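Engineer: Before anything else, here's the structure in question.
Residue numbers (my numbering): 1 to 700.
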């Protein structure tokens, strides 16, 4: 059979590409697990070597393009609104490190940032270190990571991924000659660290399942073939990460599963030394550490589910508690400085920061006056300093970089994200709502809207949710979102269980056997917002990405009537088929998150919510679904199979669109203009489905 005939048999594109979606051929494969029989008609879509598969994806892309074509004028307008508000030429506040001040520059018309430094002060002569636009020139996709300055500040390491598969190549630039060295590390993952003398570079390497499982060291000037293996993690549940303590004195190798951490240390001045465990690996104990003086400072869940801070001797033999576990406060990480440490955590569903002075163990909390906000550390390159830089933002406050004098407590703004076009935060409102879940749990919901939008039960609302991995979804500021708010759309984030917004217990209440809570929390949050007058029941839309795509996908299969439209980015929707295959990336690592379907009890709870299996005959909302052909985290076939099954089961007439990025991975376009274009298209789709793209100027 020729390739052409195989494609024609597998994909019926219909008589009109604009009206009729592609119909994937059914090739039934029967799966029997624990006595449960499931017929998978679209398992063949996983085989990228089958010529029918790219034919189907391309047919879906043509159909989506035809369906979205009438929205081109609206999409173009939204894109221009985003671009008109962004200060395209900008410079982040230069951060001092010795005699140099480091910053990132963007330029109008350039899709990627440039890394620069200034001599002697923030206004000194500027040196271009690395222009990502030059690195990406001529490439359809290019992501730059691991941009790391060596301690002597004469070399820079950087890694590039040119497919979206997150398999990087690492190069080294001599900052004195502005030229790359001949050294090339052909395969690396995220994370890197320099030795104290800038002569050795440590990096992680992924295995065939995309798990970073080895740390290697490269001697500058030597061929990569002579690089030496430093550490190998054989437990398939664990990922390796790599970094340098803020003091620059230790290289840290972090081995972490969903529930357990072990950190190995190597003195940076002795790059050939064997790594040693700071604290022994213990099941169900997570920790994070940094170094200052003669000790490590460790945030750990050992004996404290939400975390406590310990001072641990450098050999790991003695430990002293500095901050005990406190009710309602989750401690997450610590940054060490010469005279103090900063502990980052959460309280009341919001981020928090505590400064602890090493001399007397007294503490100071950073305090803010907005009801909903997000703080996080900014570039603090100096180790011996008594000022702290951090970033603050809220749904109505563009990000501000503050510098706080830790002695006086005074705080000054160094920079704020510019928003062109006369942005006035007083024209917008934000609130923290608490929705009552069906089991009585209070779910925090962050809400933002235009002051011109009445809270009278008539507005459309877009609800975002994630709910996995103890990852919190922060109430950030978004320039693209303003285009929705100005059109009368209320925006809300449901901080559902399974995420990290309310601490470790919150996370555990939305994983494994309790995973259903994540989905019912979305439903209960949506109904709460309607009852509170933020939205009309028939004008709700949803949005979820990756594991958040699972959250929204499971929600809409349980309640297909809840939303009028849902956007799902690279959604994890074929849960059981993925989690039963240990050869796939993330599977073994994530058994502790979702469960192992080879076990009968765990199969049952996954079978109850997996969006692929639970698609039934129903009228589904309009769907805008994306996939990435080179995505190593969520296989492109998951959204493709799900869309095909929903189409075969659906009884309604709303659009179900699938767009596969054929030259990208999990994170979509690598350049900012491509990202803005995707945001504009997603918003145009949702606005049409919500009835807000009715005029000729808007809808075309």
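No residue lacks a Cβ here, since even glycine has one placed at the ideal position from N, Cα and C. Values in this document were obtained by computation on a predicted structure and should not be read as measured data.
Express the C-alpha separation of residue 177 and residue 260 in angstroms, rounding to a whole number.
Structural biologist: Rounded to the nearest angstrom, the two C-alpha atoms are 44 Å apart.
Engineer: Alpha carbon to alpha carbon, how far is residue 49 from residue 57?
Structural biologist: Between residue 49 and residue 57, the C-alpha separation is close to 13 Å.
Engineer: Keeping to the same chain, check which residues put their C-beta closer than 8 Å to that of residue 191; ignore five residues upstream and five downstream.
Structural biologist: Excluding positions up to five away in sequence, the list reads 146, 203, 204, 212, 240, 241, 242, 243.
Engineer: State the Cα-Cα distance for the pair residue 721 and residue 530, rounded to the nearest angstrom.
Structural biologist: Nothing in the structure corresponds to residue 721, since the chain is present only between 1 and 700.
Engineer: Just tell me which of 76, 635, 594 has its CA closest to the CA of residue 257.
Structural biologist: Checking every option, the nearest Cα to that of residue 257 belongs to 594.
Engineer: Taking Cβ positions only, does residue 447 come closer than 7 Å to chain C?
Structural biologist: Absent from the structure is chain C; it holds one protein chain and no more.
Engineer: Are residue 307 and residue 326 close, meaning C-beta to C-beta below 7 Å?
Structural biologist: Cβ atoms of residue 307 and residue 326: not closer than 7 Å.
Engineer: Could you check which residue in 569, 335, 303, 488 has the C-alpha nearest to that of residue 321?
Structural biologist: Of the listed residues, the one whose Cα sits closest to residue 321 is 303.
Engineer: Can you look up residue 135 in the DSSP assignment and give me helix, strand or coil?
Structural biologist: Correct three-state label for residue 135: helix.
Engineer: Can you give the Cα-Cα distance for residue 703 and residue 110, rounded to whole angstroms?
Structural biologist: No answer is possible for residue 703: it lies beyond the span of the chain, which begins at 1 and ends at 700.
Engineer: Let me make sure I understand the geometry here. Which of 585, 356, 333 has the alpha-carbon closest to that of residue 345?
Structural biologist: Considering only alpha carbons, the answer is 333.
Engineer: When you compare only the Cα positions, how much space is there between residue 237 and residue 588?
Structural biologist: Roughly 6 Å between the two C-alpha positions.
Engineer: Using DSSP bridges, identify the partner residues of residue 92.
Structural biologist: DSSP output for residue 92 lists no bridge partner at all.
Engineer: Can you find the residues in the same chain that come closer than 6 Å, C-beta to C-beta, to residue 480, ignoring five residues on each side of it along the sequence?
Structural biologist: These residues qualify, in order along the chain: 82, 679.
Engineer: If you draw a straight line from the C-alpha of residue 132 to the C-alpha of residue 144, how long is it?
Structural biologist: The straight-line gap from Cα to Cα measures roughly 7 Å.
Engineer: For residue 229, collect the residues of the same chain with a Cβ closer than 7 Å to its Cβ; drop the 5 residues on either side in sequence, then sort them by chain order.
Structural biologist: Excluding residues within five positions, the ones whose Cβ falls inside 7 Å are 214, 216.
Engineer: Do residue 352 and residue 372 have their C-beta atoms closer together than 7 Å?
Structural biologist: No, the Cβ-Cβ distance between residue 352 and residue 372 is not below 7 Å.
Engineer: Taking the alpha-carbon positions, what's the residue 417 to residue 283 distance?
Structural biologist: The alpha-carbon atoms of residue 417 and residue 283 are separated by roughly 42 Å.
Engineer: Take residue 445 and list the residues in its own chain whose beta-carbon comes closer than 6 Å to its own, dropping the five residues that flank it on each side.
Structural biologist: Excluding positions up to five away in sequence, the list reads 433, 435, 492, 494, 525.
Engineer: According to DSSP, is residue 152 part of a helix, a strand, or is it coil?
Structural biologist: Coil.
Engineer: Starting from the Cα of residue 474, find the closest Cα among 376, 422, 523 and give me that residue.
Structural biologist: Selected option, being the one with the closest Cα: 376.
Engineer: Cutting at 7 Å between CB atoms, please list the residues of its own chain near residue 559, excluding the five before and the five after it.
Structural biologist: The residues are 523.
Engineer: Could you tell me if residue 274 is buried or exposed, where buried requires 16 or more neighbouring beta carbons within 10 angstroms of its beta carbon?
Structural biologist: When all chains shown are included, residue 274 counts as exposed.
Engineer: Can you tell me whether DSSP reads residue 284 as helix, strand or coil?
Structural biologist: Here residue 284 sits in coil by DSSP.
Engineer: Does the beta-carbon distance from residue 246 to residue 262 come in below 7 Å?
Structural biologist: No. Outside cutoff.
Engineer: Taking 8 Å as the cut-off, does the segment 627-637 touch the segment 599-614 (at least 3 CB pairs, one atom from each stretch)?
Structural biologist: Output reads no: the segment 627-637 does not touch the segment 599-614.
Engineer: Skipping 5 residues on each side, what residues in its chain have a beta carbon closer than 6 Å to that of residue 650?
Structural biologist: 620.
Engineer: What are the uninterrupted segments assigned as beta strand (DSSP E) that are 3 or more residues long and contained completely in the segment 193-276, given in chain order?
Structural biologist: You should have 200-206, 212-219, 228-232, 239-244, 250-256, 261-267.
Engineer: Suppose contacts are defined by Cβ-Cβ distances below 7 Å. Is residue 184 in contact with residue 173 by that definition?
Structural biologist: Going by C-beta atoms, residue 184 is not nearer than 7 Å to residue 173.
Engineer: Which value, in whole angstroms, describes the spacing of the CA atoms of residue 666 and residue 267?
Structural biologist: So the alpha carbons of these two residues sit roughly 35 Å apart.
Engineer: Considering only the beta carbon of each residue, do residue 626 and residue 569 sit closer than 7 Å?
Structural biologist: Yes. Within cutoff.
Engineer: State buried or exposed for residue 641, treating a residue as buried only when at least 16 other CB atoms are found within 10 Å of its CB.
Structural biologist: Its Cβ being crowded by 16 or more others within 10 Å, residue 641 is buried.
Engineer: From residue 8 to residue 52, what does the alpha carbon distance come to, in whole angstroms?
Structural biologist: Per-residue confidence for residue 8 stands at a pLDDT of 33, beneath the threshold of 50, marking its modelled position as unreliable; the derived number appears in the next sentence. Cα to Cα, the separation comes out at about 8 Å.
Engineer: Would residue 455 and residue 534 qualify as a contact pair, given that the criterion is a beta-carbon distance under 7 Å?
Structural biologist: Yes, the pair counts as a contact, with Cβ atoms nearer than the cut-off.
Engineer: In its own chain, which residues sit with a C-beta less than 8 Å from the C-beta of residue 656, not counting the 5 before and 5 after it?
Structural biologist: Hits under 8 Å: 21, 620, 622, 623, 625, 643, 646, 647, 650.
Engineer: So, for residue 711: in the same chain, excluding its five sequence neighbours on each side, which residues have a beta-carbon less than 7 Å away from its beta-carbon?
Structural biologist: Only positions 1 to 700 of the chain appear in the structure, and residue 711 is not among them; the question remains open.
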